[in-house]
Amino acid sequence: MIRTGRAELDFQGIRTEFALPSEFPAAALAEAEQAVSAPAGDREDATAIALVTIDPPGAKDLDQAQCIERVGDGFRVHYAIADLGTFVVPGGALDAEVRRRGQTLYLPDGNVPLHPTVLSEGAASLLPGVVRPAVLWTFECGPDSEPTSVHVRRALVRSEAQFDYESVQASFDAGTPHPSLAALPVFGQLRRDRAAERGAVELQLPEQEIAPNGDGQWKLLIRPRVAVEQWNAEISLMTGMAAAKIMLDAKVGILRTLPDADGEAVAALRRSAQSLGVSWPEGASPGRMLAGLDPSRPESLALFVDATRLLRGAGYTAFSGSLPEVTTHAGVAAPYAHVTAPLRRLVDRFATEVCLAVSAGEAVPAWLTAALPQLPSLMGTSDTLASKVERACLDQVEAWVLADRVGQEFDAVVLRAGENDADVFVASPPVMGKCLGAGLPEGGRIRARLVEADPENRRVAFERVG
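Take 1136 as the starting number for the sequence shown in the numbering used here and just add one per residue.
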């Protein structure tokens, strides 16, 4: 039985601690309301394309809709993205507020949205059965899934249906996928193969999730990874890579960058793999080696955690007139930009506007070039806040769930060991915490006794048994 925290405990303390906004300024709300009734402007009518969305169950802020077709021995991919540039006036009150927020923050008891819900869950969201303004990307791809041409423009679109990952996966398992998604497994796997060839790094760590248990309380669970989610992510990555190329060719824009790992980080990972008994194929990149691991094995979990050292230093790089020193993202193993989640992330709107202007053969507007240098700092601040809020929520629920189990023993996997303690993963309930003990074996299984579960300070600690 999964234990949960008391029903009267919520996340208001975290909202207060991090000074999260509870409402939008009146001027920003007024602009959003006015934007809903504004005309969409002259744009292509693409409502005949049978687009569908795939999002978590219950989601209303729908950023992307897709349709994948087989064309001869290749593919055609239509990818529609919510067009926030239509609704947010540069320099206005709403623009100022979303710049201050940076991104949507997700808490178990409700989101802190980047945009007012009249936009993010209404007029700008690609909800099914309604016509929406969108930025439409169309990719013509060869048999290997690599794009041979890319076309991006403003359009009117209409999603046919809203799906979630589990229902789409079930439809594939049953052999009854929606026609617009029938080619996704083949195309998505081809894109994953290309990513492995590039040396992209994917860390298949357990993803903790907080969910209501039906009694007004909270439970921890591990969200299962379904293949559809991985295939779907490849469409977004392909779009981000195409956007980066457009901006690099024009020498103006903003990229999501991550420097290549230094030699010592790779050497340390090799030493960890050797000590864990994990084979590293001759000539394989770190990404290729990691992609071949079974994520259910304890030594794989430990190596994924250790590989996080390869992905340090991510940020945003703005440029205009000349190329920056770093133009690639080591995790993607290619130049990459964020353009596919503008409802939930500030930078996507600006990068998209650059791509639209360049693709149309127009000059990038002055307001946009002026904004680009500000975005790395704005996004860095919001990324830091989002990470702290997410960690605080997980720490809070872990402490609630374990509060009455101090003294009990659990099976645990050692993820990363220090001299006198280690990070461990307990599968049931799914908790990551510190465990006291000298010489704990990375990748090994141990018995751990819970010695602290403090909901007030959001702290959980274990010690090794025996």
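Every residue gets a Cβ at the ideal spot worked out from N, C-alpha and C, and that includes glycine. Predicted, not measured: the structure shown is a model, and the values here were computed from it.
Near the ligand MG: residue i beta-carbon under 7 Å from a heavy atom
i: E1168; result: With respect to small molecules bound, the structure shown includes none, and the ligand MG cannot be examined in it.
Endpoints, the beta strand (DSSP E) within which residue i is located
i: W1353; result: W1353 to I1357
i: F1298; result: P1282 to F1298
i: F1597; result: R1594 to R1599
i: N1246; result: G1245 to V1247
i: E1434; result: Counting along the chain, E1434 falls outside any beta strand (DSSP E), though it belongs to the alpha helix (DSSP H) covering P1433 to D1441.
i: R1211; result: G1209 to A1217
i: D1558; result: D1556 to V1561
i: A1449; result: Note, A1449: premise wrong, no beta strand (DSSP E); not H, not E.
i: T1273; result: V1266 to C1276
i: L1585; result: R1580 to D1589
i: L1242; result: L1240 to L1242
i: L1571; result: V1566 to L1571
i: E1204; result: Q1199 to V1206
i: L1186; result: L1186 to I1189
i: A1346; result: Q1343 to P1347
Assumed close pair residue i, residue j - CB separation to whole angstroms, cut-off 8 Å
i: P1225; j: T1239; result: About 20 Å; that fails the 8 Å criterion.
i: F1485; j: A1506; result: 6 Å
i: D1279; j: L1219; result: With a Cβ gap of about 33 Å, D1279 and L1219 do not count as contacting.
i: H1213; j: T1151; result: In fact, because the Cβ distance is near 44 Å, the residues do not count as touching under 8 Å.
i: S1431; j: V1387; result: No, S1431 and V1387 are not in contact; Cβ-Cβ is about 45 Å, not under 8 Å.
i: L1197; j: V1292; result: Actually they are not in contact, since the Cβ atoms of L1197 and V1292 sit about 11 Å apart, beyond 8 Å.
i: A1527; j: R1593; result: 6 Å
i: G1237; j: L1478; result: Their Cβ separation, rounded to whole angstroms, is 13 Å, which puts G1237 and L1478 out of contact at 8 Å.
i: P1564; j: V1536; result: 5 Å
i: V1549; j: A1379; result: Not really, about 38 Å apart at Cβ, beyond 8 Å.
i: P1359; j: W1353; result: Wrong, their Cβ atoms sit about 19 Å apart, outside the cutoff.
i: V1253; j: E1168; result: 6 Å
i: L1513; j: R1234; result: 6 Å
i: R1178; j: R1289; result: 4 Å
i: E1577; j: S1414; result: 17 Å between Cβ atoms; not a contact.
i: L1445; j: L1404; result: 7 Å
i: L1393; j: A1465; result: 4 Å
i: M1376; j: A1469; result: 5 Å
i: A1102; j: P1251; result: The chain is shown only over 1136 to 1601; residue 1102 falls outside these bounds and no answer can be derived.
Closest Cα partner of residue i within the set the options
i: L1411; options: G1579, D1198, S1172 and S1431; result: G1579
i: A1231; options: L1510, N1555 and P1312; result: L1510
i: E1281; options: F1210, E1544 and A1175; result: F1210
i: D1384; options: V1233, C1490 and D1589; result: C1490
i: E1166; options: A1154, V1223, E1158 and G1207; result: V1223
i: L1271; options: R1447, V1361, H1473 and I1184; result: I1184
i: V1265; options: Y1471, F1545 and A1217; result: A1217
i: D1558; options: A1583, D1539, T1519 and A1175; result: A1583
i: V1561; options: Y1451, R1178 and L1356; result: L1356
i: T1374; options: E1434, T1519 and A1472; result: A1472
i: R1540; options: L1585, E1533, L1262 and N1555; result: L1585
i: Q1147; options: Q1199, Q1531 and M1567; result: Q1531
i: A1154; options: T1311, E1591, L1316 and V1524; result: V1524
i: A1317; options: G1277, G1257 and V1363; result: V1363
i: V1493; options: R1205, V1285 and A1442; result: V1285
i: M1424; options: W1366, M1382 and E1332; result: E1332
i: V1566; options: G1207, G1227, E1533 and G1553; result: E1533
i: G1542; options: P1508, S1517 and A1588; result: A1588
i: R1391; options: Q1409, Y1451, S1371 and E1337; result: Y1451
i: R1447; options: A1402, G1427, A1396 and P1459; result: A1396
i: P1508; options: R1551, P1459 and T1463; result: P1459
i: A1426; options: L1529, V1336, A1449 and D1180; result: V1336
i: G1227; options: D1244, A1161, Q1199 and G1257; result: A1161
i: G1515; options: G1496, P1314, E1554 and A1453; result: A1453
Where the alpha helix (DSSP H) containing residue i begins and where it ends
i: Q1339; result: Unbroken run through Q1339: none, as it is neither H nor E.
i: G1637; result: The displayed coordinates of the chain run from 1136 to 1601. Any statement about residue 1637 would go beyond what the structure contains.
i: E1686; result: Any question about residue 1686 goes unanswered here, given that the chain covers just 1136 to 1601.
i: G1422; result: P1421 to A1426
i: A1408; result: G1398 to S1410
i: L1164; result: A1161 to V1171
i: L1229; result: A1228 to R1236
Decide if the region 1184 to 1204 is in contact with the region 1292 to 1307; the criterion is three or more beta carbon pairs, one per stretch, under 8 Å apart. yes
Unbroken stretches of the alpha helix (DSSP H), 4 residues or longer, contained in the region 1455 to 1495: 1481 to 1494
Three CB pairs or more closer than 8 Å across the region 1557 to 1575 and the region 1589 to 1598: yes
Quick one: which unbroken alpha helix (DSSP H) runs of 4-plus residues sit fully inside the region 1483 to 1552? Chain order, please. 1501 to 1506 and 1510 to 1537
Touching or not, the region 1314 to 1328 and the region 1413 to 1425, by the rule of three or more beta carbon pairs under 8 Å? no
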